[in-house]
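Colleague: Residue numbers (our numbering), protein chains in the order written: chain U, 124 to 357; chain W, 29 to 261; chain P, 3 to 192.
So this is what it looks like as structure tokens:
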């Protein structure tokens, strides 16, 4: 039986990592009950989204989640994200701006299971979220994902990637696996390095957090700076 | 984790089929198998001829055995256990999207060797305690020949929300001395599935694609726990 | 109580028969070594690759159909267990050197993804046309039991799936347009 503990205090910043590996999902408390969720993974016992279950257990109201970000489309980082998105319908949902492109959305559609048997759980999850939303936000270098004044500080979540220079290369790689006449239906492998992934900088007005997935090793680079002190976890 | 001596996967789909369609020629024409495999299937092997008619299709290659009756489709791996069998099963159903199907079972069958007759008997005694049987038949030998456990989601006593379930069976192995045969059936009833505008056979292909690997790993976990706990001193 | 229609064992028309070898275990299992390069020089002796069925392909057979009956599960032939399975993707094909550069993801255990080279000799004739960048294959190392003897064997098999149909491509186009219409830009910082 997991003791989830109490929710963070209003003036406490909390970063919680979930996952079988090195943090396939993250929940960030930005302050004053405002939460941001990054990626998703599934609790193998309950089959529910791990971060969603955590927030529920510590008594967070679904409306308190301001933003959900899918840093990339790979299965291991977005399992259960459609469930998370349904649980928090008022949260803004953001994905990599690489998908703000006709060919990239065709790639997602082809591998989602909507028009053929599901070839990528990740693609299916993202497809379902986008389908179910009125709007989805495209994040790229310098996009402001979230901005608010919390605990007297200006809190700003900015995307540092993908950079525009990587778009063409990402889409060219996806093109190899796009659905075409006479091309066999095949899964798209998770290509590395992942040029389309979203890296997030969270400026808490004094402290800062950097979250990056699939940018090489370690899987998540978590840099917390307090003056000169920093920590890397992954 | 314990390693089986023999591991097989099989796919069983319930529905209304026209076996004549799923011939080696058809598989080859649709690039689901190569020419060499199609030739092996057509020619038959080891006294097992190919048979394809409107009532039944039965043939095999070096890596799979296929059988289609009017109400049931089954594909069983042979030789090297490989996800290629999963691709073949899913590929077939992608190509026959209008086939009325109602359920699919993802099955994993394993034979495990135990170290001794004592271990072999211990497994049977733990899973099927002999107290009642020894009371009924004090002067005779009693032993487990078949045990099946049904696993359904939810809490006992509450109404079932789904027809999908798992069935795990334990039997003595007929292939290995002091061996145990374990089977894991992951049964999916299509009435439980979220359709996303897919036809039933496409749903089956989708289930096979998305669930097979996790079922495989869960089967291995179940087999390992079953045997480990049965063999605890 | 309504029982679901079982999907665990097939009903056989009696044409599948079984062999029942008693397995004598070797004293020590050969160790598994991760694959980084598979070339002609690392191929085991050729007779380890012969499938038992290939010896009997040309025997004369009599077509016979018997009515369906519930099959003894033991009738399903099975004679191997995997030691490791990799799902590989072809990254590049070097026809001159007769190798393919591949990425390999292990399916058993937590083994990091890695790249390697595989000699095209390993690809069967029927799969040669499938060797292209992006193609997926499975490389299985397995323990094979045949007539009481156990050997380690390997098999490389390419993934085969139907091609995209015109109907599917049309649906993908429609879905892609719908998805694109929902994408909105975020404000940017200076």
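Glycine is no exception: its CB is placed at the ideal position from the N, C-alpha and C atoms.
What are the boundary residues of the beta strand (DSSP E) that residue 216 of chain W is part of?
Modeller: Counted from its first residue, the second chain places residue 216 of chain W at position 188. Segment 207-217, the beta strand (DSSP E) holding residue 216 of chain W.
Colleague: Would you mind giving the Cβ-Cβ distance between residue 260 of chain U and residue 188 of chain P, rounded to the nearest angstrom? I have them listed as a contact below 8 Å.
Modeller: Locating residue 260 of chain U in the first chain gives position 137, where the first residue counts as 1. Locating residue 188 of chain P in the third chain gives position 186, where the first residue counts as 1. So it is a contact: roughly 5 Å between Cβ atoms.
Colleague: Spell out a yes or no on whether the segment 41-53 of chain W and the segment 155-174 of chain P are touching, meaning 3 or more CB-CB pairs, one atom from each, closer than 8 Å.
Modeller: no
Colleague: Is it true that the segment 141-160 of chain W meets the segment 180-191 of chain W, where meeting means three or more beta-carbon pairs spaced less than 8 Å apart?
Modeller: No: the two stretches stay apart, fewer than three of their Cβ pairs being nearer than 8 Å.
Colleague: Can you tell me whether residue 245 of chain U is buried or exposed? The criterion is at least 16 other CB atoms within 10 Å of its CB, across all chains shown.
Modeller: Counting from one through the first chain, the residue named residue 245 of chain U turns up at place 122. Flag for residue 245 of chain U reads buried.
Colleague: In chain P, which residues lie with their C-beta within 7 Å of the C-beta of residue 31 of chain W?
Modeller: Position 3 of the second chain holds residue 31 of chain W. Chain P residues near residue 31 of chain W: 83.
Colleague: Is the Cβ of residue 215 of chain W closer than 9 Å to any Cβ of chain P?
Modeller: Stepping through the second chain from its first residue, residue 215 of chain W is reached at position 187. For residue 215 of chain W, the answer is yes, since a Cβ of chain P falls inside 9 Å of its Cβ.
Colleague: Reducing DSSP to helix, strand and coil, say where residue 301 of chain U ends up.
Modeller: As a first step, residue 301 of chain U is located in the first chain; it is residue number 178 there, counting from the start. In the structure shown, residue 301 of chain U sits in coil (DSSP, three-state: anything other than H, G, I, E or B).
Colleague: For a quick check, are the C-beta atoms of residue 255 of chain U and residue 208 of chain U less than 9 Å apart?
Modeller: What you label residue 255 of chain U is simply residue 132 of the first chain in a count that begins at 1. What you label residue 208 of chain U is simply residue 85 of the first chain in a count that begins at 1. It is a contact, given that the beta carbons lie within the stated cut-off.
Colleague: Starting from the N-terminal side, write out each stretch of the alpha helix (DSSP H) that is 4 residues or longer and does not extend beyond the segment 63-147 of chain W.
Modeller: 63-71 and 112-123
Colleague: Note down the Cα distance separating residue 235 of chain W from residue 291 of chain U, rounded to an integer number of angstroms.
Modeller: Position 207 of the second chain holds residue 235 of chain W. Position 168 of the first chain holds residue 291 of chain U. Near 34 Å, if we compare the C-alpha coordinates of residue 291 of chain U and residue 235 of chain W.
Colleague: Going by DSSP, what residue range makes up the beta strand (DSSP E) through residue 189 of chain U?
Modeller: Position 66 of the first chain holds residue 189 of chain U. First-last of the beta strand (DSSP E) with residue 189 of chain U: 188-192.
Colleague: Do we get a CB-CB distance below 9 Å when we pair residue 151 of chain U with the residues of chain P?
Modeller: Translated into the one-based positions of the first chain, residue 151 of chain U becomes position 28. No, residue 151 of chain U does not count as interfacial toward chain P.
Colleague: Among U:331, U:329, U:219 and U:335, whose alpha-carbon lies nearest the alpha-carbon of residue 322 of chain U?
Modeller: On the first chain, residue 322 of chain U is found 199 positions in, with the first residue counted as 1. The option with the nearest alpha carbon to residue 322 of chain U is U:335.
Colleague: Between the beta-carbon of residue 88 of chain W and the beta-carbon of residue 97 of chain W, is there less than 9 Å?
Modeller: Your numbering for residue 88 of chain W matches position 60 in the second chain. Your numbering for residue 97 of chain W matches position 69 in the second chain. Not in contact: residue 88 of chain W and residue 97 of chain W (Cβ atoms no closer than 9 Å).
Colleague: On a CA-only basis, which of W:132, W:171 and W:62 is nearest residue 208 of chain W? Give me that one, please.
Modeller: Against the second chain, residue 208 of chain W aligns to sequence position 180. Looking at the Cα atoms, W:171 is the closest of the given residues.
Colleague: Return the CA-CA distance between residue 282 of chain U and residue 266 of chain U, expressed in angstroms with no decimal places.
Modeller: Position 159 of the first chain holds residue 282 of chain U. Position 143 of the first chain holds residue 266 of chain U. Roughly 5 Å between the two C-alpha positions.
Colleague: Using the DSSP secondary-structure output, state which residues sit across from residue 296 of chain U in a beta bridge.
Modeller: Translated into positions along the first chain, residue 296 of chain U becomes position 173. Beta-bridge pairing links residue 296 of chain U to no other residue.
Colleague: By DSSP, does residue 177 of chain U sit in helix, in strand, or in coil?
Modeller: Along the first chain, read from residue 1 onward, the residue named residue 177 of chain U stands at position 54. In the structure shown, residue 177 of chain U sits in a helix (DSSP, three-state: H, G or I).
Colleague: From the DSSP output, in three-state form, read off residue 232 of chain W for me.
Modeller: What you label residue 232 of chain W is simply residue 204 of the second chain in a count that begins at 1. Helix at residue 232 of chain W.
Colleague: Take residue 36 of chain W and list the residues in its own chain whose beta-carbon comes closer than 6 Å to its own, dropping the five residues that flank it on each side.
Modeller: For this step, residue 36 of chain W is matched to residue 8 along the second chain. The residues 105 and 137, in chain order, have a CB closer than 6 Å to that of residue 36 of chain W in the same chain once the five nearest residues on each side in sequence are set aside.
Colleague: Applying the criterion that 16 or more other CB atoms from any shown protein chain within 10 Å of the CB defines a buried residue, is residue 300 of chain U buried or exposed?
Modeller: Locating residue 300 of chain U in the first chain gives position 177, where the first residue counts as 1. The residue in question, residue 300 of chain U, is buried, as its Cβ has 16 or more Cβ neighbours within 10 Å.
Colleague: Given a cut-off of 9 Å on the beta-carbon distance, is the pair residue 194 of chain W and residue 212 of chain W in contact?
Modeller: By one-based count along the second chain, residue 194 of chain W stands at place 166. By one-based count along the second chain, residue 212 of chain W stands at place 184. Cβ atoms of residue 194 of chain W and residue 212 of chain W: closer than 9 Å.
Colleague: Between which two residues does the alpha helix (DSSP H) carrying residue 52 of chain W extend?
Modeller: Taking the second chain and counting its residues from 1, one reaches residue 52 of chain W at position 24. It spans 52-57 - the alpha helix (DSSP H) in which residue 52 of chain W sits, taken as one unbroken run.
Colleague: Note down, in chain order, every chain U residue with its Cβ under 8 Å from the Cβ of residue 186 of chain P.
Modeller: In the third chain, residue 186 of chain P corresponds to position 184, counting from 1. Correct list: 258, 259, 260 and 261.
Colleague: Give the range of the beta strand (DSSP E) segment to which residue 142 of chain P is assigned.
Modeller: Taking the third chain and counting its residues from 1, one reaches residue 142 of chain P at position 140. Element bounds for residue 142 of chain P: 138-148.
Colleague: Could you spell out the range, first to last residue, of the alpha helix (DSSP H) harbouring residue 232 of chain U?
Modeller: The residue labelled residue 232 of chain U in the question sits at position 109 within the first chain. 225-234 is the span of the alpha helix (DSSP H), which, as asked, contains residue 232 of chain U.
Colleague: Could you tell me whether any Cβ in chain P is nearer than 9 Å to the Cβ of residue 60 of chain W?
Modeller: For the purposes of this step, residue 60 of chain W is taken as residue 32 along the second chain, with counting starting at 1. At least one chain P Cβ lies under 9 Å of residue 60 of chain W.
Colleague: Compare the C-alpha of residue 219 of chain U against each of U:233, U:195 and U:228 and name the closest.
Modeller: Locating residue 219 of chain U in the first chain gives position 96, counting from the first residue. It is U:195.
Colleague: Using the Cβ count rule (16 or more neighbours within 10 Å means buried), how would you classify residue 79 of chain P?
Modeller: What you label residue 79 of chain P is simply residue 77 of the third chain in a count that begins at 1. Interpretation of residue 79 of chain P is limited by its pLDDT of 45, a score under 50 that renders its predicted location unreliable; no figure is taken from the coordinates.
Colleague: In chain order, what residues of the same chain have a beta carbon less than 8 Å from the beta carbon of residue 150 of chain W, not counting five sequence neighbours either side?
Modeller: Along the second chain, read from residue 1 onward, the residue named residue 150 of chain W stands at position 122. So the qualifying residues of the chain are 258 and 259.
Colleague: Given this structure, state the Cα-to-Cα distance separating residue 253 of chain U from residue 174 of chain U, to the nearest angstrom.
Modeller: Translated into the one-based positions of the first chain, residue 253 of chain U becomes position 130. Translated into the one-based positions of the first chain, residue 174 of chain U becomes position 51. A direct Cα-Cα distance of roughly 20 Å separates residue 253 of chain U from residue 174 of chain U.
Colleague: Residue 36 of chain W lies in the alpha helix (DSSP H); which residues open and close that run?
Modeller: Numbered from its first residue, the second chain carries residue 36 of chain W at position 8. Per DSSP, residue 36 of chain W lies in no alpha helix (DSSP H); the unbroken beta strand (DSSP E) holding it starts and ends at 34-43.
Colleague: By DSSP's criteria, residue 88 of chain P is part of a beta bridge. Which residues make up the other side?
Modeller: Along the third chain, one-based indexing puts residue 88 of chain P at 86. Answer is P:108 and P:141, bridged to residue 88 of chain P.
Colleague: Please classify residue 249 of chain W: does DSSP put it in a helix, a strand, or coil?
Modeller: Here residue 249 of chain W is taken as the residue at index 221 of the second chain, counted from 1. Of the three classes helix, strand and coil, the one that applies to residue 249 of chain W here is helix, per DSSP.
Colleague: Span of the beta strand (DSSP E) holding residue 151 of chain P?
Modeller: For the purposes of this step, residue 151 of chain P is taken as the residue at position 149 of the third chain. Note, residue 151 of chain P: beta strand (DSSP E), 151-160.
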